[in-house]
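Here is the structure we will look at, set down as structure tokens.
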Amino acid sequence: MAAENLPADADLRHTRRNILLRGVDTDSFVGSAIALDCGTGPVVFAVNRPARPCAWMDVTIGPGAQRALRGRGGVRRTPLSDGVITLGPATFRVVSGPDDAGP
């Protein structure tokens, strides 16, 4: 999920999202493969589909959060490689785009 889509005082733990990135529009990478590298080698993910915000967002972030996060709620992804993701800075890279998948 993109940090810019959340209110400044929101806690990532309240979003039910595992990874929060700053400066990356995660929602625009559906259909792509991306890599995150926290310094121990890249972990590659397939970006499958948007993650729809649920009513829980209204409870934990505040009234109206579910509606405000529609289309900006992050993405569901599948790991394609082994590795470690740690808290802190990471390098983000697009490995392949949605048009690179072939027929």
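For the sequence shown, counting from 1, position 27 maps to 23 in our numbering; every step adds exactly one. Yeah, the Cβ is synthetic: ideal placement off N, Cα and C, and Gly gets one too. Everything numeric in this text was worked out from a predicted model, so none of it was measured.
- Annotation: the segment 14 to 46 contains no complete segment of the alpha helix (DSSP H) (minimum length 4 residues).
- With a threshold of 16 other beta carbon atoms within 10 Å, Ala4 falls short and is exposed.
- In the displayed model, Pro94 falls within a helix according to three-state DSSP.
- By the beta-carbon neighbour count (other beta carbons within 10 angstroms, threshold 16), Pro49 is buried.
- The distance from the Cβ of Val40 to that of Val91 is about 6 Å, consistent with a contact at the 8 Å cut-off.
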